[in-house]
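Beneath this line is the structure, given in structure tokens, with notes to follow.
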Amino acid sequence: MTQSNEEDPDPTTDELDPTPTPELYPDQTPECDSDSTPDSTPDIDVSNPTPDDTPAERLPEDATENTQAQGKRMTSVNLEAHMIDYEGFGYSNGDIINNKNLSRFQHNGMQLTNSIRFDGCGVSETDAVRESMALTQDFAPLLCIDNLDMEERVQMSTIGHQSRMFHGTWGYIHIPSKDLWSTLNPVELSLEAYHNSLRTASSMVIDPEFFMPTDSPNDDYKAVWKSQIAQVMLKYVAKPSDRQAIIPLDPPPIDPISHEAPSIHMLKLMDESDNSAEGIGQVMEALRRQSGLEPEEFFGRLQLMEGDLGTSHTLWNIAYTILTYHFGNSNKMDDFGVWRFLEALGVSPEKVIQKKDFTKMLQHMEQVHEATLWHCIRTVMETDNDLVEEELKVLPSDEWNGIVETCYNRFCSPDARRKAKSFPQLNNLLVRLQDFSTVIEANRAMKAGDIGRLINIWKMWAFMTQSLPGLTHYSAYLPRLILLLTKVLPSSLAKLIWHTLLVSPSGRPNHFVAKDFFLENFNYWLKYFYTRGGAGTQVERLKNLYSSNIPLLRTMFHSLRLESGAKYIQQSHNSDLKMRALERFAEMAMSNDILLVNGKKRDKTVTLSIPDTYLEGIKCLQAEISGKELEVARFLFHLPIYDDLDNVPINEEEVDMEEAVDVHNDESMNNIDQADPPI
1 MTQSNEEDPD
11 PTTDELDPTP
21 TPELYPDQTP
31 ECDSDSTPDS
41 TPDIDVSNPT
51 PDDTPAERLP
61 EDATENTQAQ
71 GKRMTSVNLE
81 AHMIDYEGFG
91 YSNGDIINNK
101 NLSRFQHNGM
111 QLTNSIRFDG
121 CGVSETDAVR
131 ESMALTQDFA
141 PLLCIDNLDM
151 EERVQMSTIG
161 HQSRMFHGTW
171 GYIHIPSKDL
181 WSTLNPVELS
191 LEAYHNSLRT
201 ASSMVIDPEF
211 FMPTDSPNDD
221 YKAVWKSQIA
231 QVMLKYVAKP
241 SDRQAIIPLD
251 PPPIDPISHE
261 APSIHMLKLM
271 DESDNSAEGI
281 GQVMEALRRQ
291 SGLEPEEFFG
301 RLQLMEGDLG
311 TSHTLWNIAY
321 TILTYHFGNS
331 NKMDDFGVWR
341 FLEALGVSPE
351 KVIQKKDFTK
361 MLQHMEQVHE
371 ATLWHCIRTV
381 METDNDLVEE
391 ELKVLPSDEW
401 NGIVETCYNR
411 FCSPDARRKA
421 KSFPQLNNLL
431 VRLQDFSTVI
441 EANRAMKAGD
451 IGRLINIWKM
461 WAFMTQSLPG
471 LTHYSAYLPR
481 LILLLTKVLP
491 SSLAKLIWHT
501 LLVSPSGRPN
511 HFVAKDFFLE
521 NFNYWLKYFY
531 TRGGAGTQVE
541 RLKNLYSSNI
551 PLLRTMFHSL
561 RLESGAKYIQ
571 QSHNSDLKMR
581 ALERFAEMAM
591 SNDILLVNGK
601 KRDKTVTLSI
611 PDTYLEGIKC
621 LQAEISGKEL
631 EVARFLFHLP
641 IYDDLDNVPI
651 NEEEVDMEEA
661 VDVHNDESMN
671 NIDQADPPI
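Everything in the sequence shown is counted per UniProt numbering, starting at 1 for the first residue and increasing by one.
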């Protein structure tokens, strides 16, 4: 096999599955920039070479520079930019990257190595999946799946060869760490233990106290508030004289998860007709075939699965609802919803409210929240009229802590919200601060890998979803999940679920992501190979080869850059506010007196007060459960609760679930389906 020096430094899917390409003249070897990507094109157009073409070194100097500049402009949208957005890392030039020929020669050898690795990787990954799901394992591995829709487009449509939408399901299996297994009781992880725990659910009396914070000091939301204020104080206002003596910048840990890198194996892309029962049946059958088990073996044991209602989706959907609830009307200039604060920070409100980039949405919510707290701190310090300075002053630690305490008591405490009820504008701002603080804390708890802090926020959301509009499903789903994890399931099974909701892909602390977000990251890579792979990359090839080997392809990309001399730079997403943005925000806040410091009144302006979503949710729940023996039956909706599984007669007719969950302690409920359901 001969090697060509004209190969692009970065491998594409076409290089893994090469197709004929035009040959270059020997003296037309293109110079490749060190930051080139799979989107890069040679600096010289050789798509239609002729004998009259002039070699690159014979072109006029200005013509060569123009050609190279044009090639660089074509690399504006590249893989590295997407990797920085999705995975938080980039590359810089290494010591040997300046030697273009040496770099290119190294790439040629590594491409051959990667092609050999990729040739047999499908077999090994399939074997790993079957081994992990074998009956010899003590417990079935956890599954994380998600829907995946892609358009399979053709250029020239004919009969039987037309563009179509592919509806599929994809996911991975997650094998918990040995350290976690050593803390669990295998008896409580069996299907029998799961059934026994569900028997108690039919007679459970649901008390609203189940969703209330405990008496533990770590459950006090005041610590969350003070940590958020302290972070804003440290970043934008003043530095303490002694960092060790200040209020903690993070709430006290409750139940942190090990940051050991997860052990996962990708599944093959599967067909799914739709979200109906038939579509779910297709997915379950496809999972069984990949496991290599017989139907009675696969469906005869407890199988934990996580889907679209995973941890990240819960955060995204509830955060989006909270944002729209406080967004306001941008067509009214006297409206002081979130849109006005976004506009003051230089952010387009219309782009934030769109369901396109939830990560950006969370960052903008954090910016609005921190900018508002920044103005509250400056008001407490009576420096709100001062110029915004980039150089932060240094304060004694006691004074620094006192400012944080005063800011909490004046603007963030429950007493402050009660006093502001008679002032609609101030009331709406303080309620919004409270709601946004839950989103910020949930996001930070997930990044820190503290499932205890996250569940505390879920408990608050269990009440808030009762009053927030548009969360009908979450108003029942989230309380049911909390009840399962805290009251119904055996302790070992609940702990297994808790400690596998979040993973640290890089194995570093404070870099956790939810498992469904981790899968979304893989979805991006799969779609990238599908849309950028060129001719020959079709859905069937994605299903049979690429989908189960996405981690290997990612490793190939990373290794190519590292071995060619680039330096790996790990990055994290930060939402820091710039000084100019703070200056504009201060102008808006002072001119409109958003904290009513000066008691400024607006003539002919009617502002309606927004109720406290947390307190309003408690009232809604109290009204629903008053006078009922079996409270809040919808919290147990779709749970297979029954008294005796062995003696339940087979009933082939459909059972109305709404009537089934209303059965009292002395009644039995017919079994809906004899199959063992996954949770």
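Every residue gets a Cβ at the ideal spot worked out from N, C-alpha and C, and that includes glycine.
Predicted model only: the values in this text are computed from it and were never measured.
With 16 as the cutoff for other CB atoms within 10 Å, does residue i come out buried or exposed?
i, result
"T214", "exposed"
"M333", "exposed"
"E390", "exposed"
"P42", "Note that P42 scores a pLDDT of 36, beneath 50, so its modelled location is shaky; the value from the coordinates is reported in the next line. So P42 counts as buried."
"R561", "buried"
"M156", "exposed"
"Q622", "exposed"
"L143", "buried"
"G310", "buried"
"K356", "exposed"
"Q244", "exposed"
"P251", "buried"
Just verifying my parser: in three-state terms, what is the DSSP assignment at residue i?
i, result
"L393", "The amino acid at residue 393 is misidentified as Leu; the sequence shows Lys. Correct three-state label for K393: strand."
"Q137", "coil"
"D146", "strand"
"F358", "helix"
"residue 687", "Nothing about residue 687 can be read from this structure; the chain reaches only from 1 to 679."
"V513", "strand"
"E294", "coil"
"P256", "strand"
"Q570", "strand"
"R444", "helix"
"T472", "coil"
"I173", "strand"
"H364", "helix"
"residue 681", "The structure shown does not extend to residue 681, since the chain is modelled only from 1 to 679, so the question has no answer here."
"I618", "helix"
"L313", "The displayed chain sequence assigns His, not Leu, to residue 313. Three-state DSSP puts H313 in a helix."
"F210", "helix"
"T353", "At residue 353 the sequence reads Ile, which differs from the Thr that was named. Correct three-state label for I353: coil."
"H161", "strand"
"E152", "strand"
"H167", "strand"
Whole angstroms is fine: what's the gap from residue i's alpha carbon to residue j's?
i, j, result
"I257", "L387", "43 angstroms"
"I594", "M233", "19 angstroms"
"W181", "S190", "14 angstroms"
"residue 712", "S413", "This structure leaves residue 712 out entirely; the chain is present only between 1 and 679."
"M381", "D219", "29 angstroms"
"L323", "I440", "12 angstroms"
"K419", "P479", "30 angstroms"
"L639", "S475", "16 angstroms"
"R199", "K487", "12 angstroms"
"P649", "K222", "With a pLDDT of only 42 at P649, under 50, the local geometry of the prediction cannot be trusted, and the value read off the model is given with reservation. About 52 angstroms."
"R554", "N331", "46 angstroms"
"S491", "P349", "45 angstroms"
"R130", "R444", "36 angstroms"
Between which residues of its own chain and residue i is the CB-CB distance below 7 angstroms, once the five residues before and five after are set aside?
i, result
"I497", "L304, L485"
"A581", "L345, G346"
"F635", "I206, A476, P479, R480, L483"
"Y236", "W374, L577, L582"
"I451", "D255, I257, W498, H499, L501, L502"
"N317", "Y474"
Leaving out five residues before and five after residue i in sequence, what residues of the same chain have Cβ atoms less than 8 angstroms from its Cβ?
i, result
"V283", "I145, T169, M270, E272"
"S506", "A261, Q570"
"D52", "At D52 the pLDDT is 41, less than 50, meaning the model places this residue with poor confidence and gives no usable figure here."
"D384", "H375, R378, A586, A589, M590, V597"
"L395", "A238, K239, P240, S241, I403"
"D149", "M165, F166, H167, G168"
"A140", "M133, R301, L302, Q303, L304"
"Q425", "F336, I594, L596, T607"
CB-CB under 6 angstroms to residue i, same chain, minus the five flanking residues each way: which ones, in chain order?
i, result
"D335", "G328, N329"
"Q162", "none"
"M464", "T613, Y614, G617"
message: Can you confirm whether the stretch 574-592 touches the stretch 337-351 when touching is taken to mean that 3 or more C-beta pairs between the two stretches lie within less than 8 angstroms?
response: Taking 8 angstroms as the limit for Cβ pairs, the verdict is that the stretch 574-592 does touch the stretch 337-351.
field: Validate contact between the stretch 497-504 and the stretch 512-520 using beta carbons, cut 8 angstroms, 3 pairs
entry: yes
query: Between the stretch 431-438 and the stretch 363-378, do three or more beta carbon pairs fall short of 8 angstroms?
result: yes
query: Below 8 angstroms, can you find three or more Cβ-Cβ pairs linking the stretch 441-460 to the stretch 293-307?
result: No, the stretch 441-460 does not touch the stretch 293-307.
query: Looking at C-beta atoms only, is the number of pairs between the stretch 605-623 and the stretch 400-412 that lie closer than 8 angstroms three or more?
result: Taking 8 angstroms as the limit for Cβ pairs, the verdict is that the stretch 400-412 does not touch the stretch 605-623.
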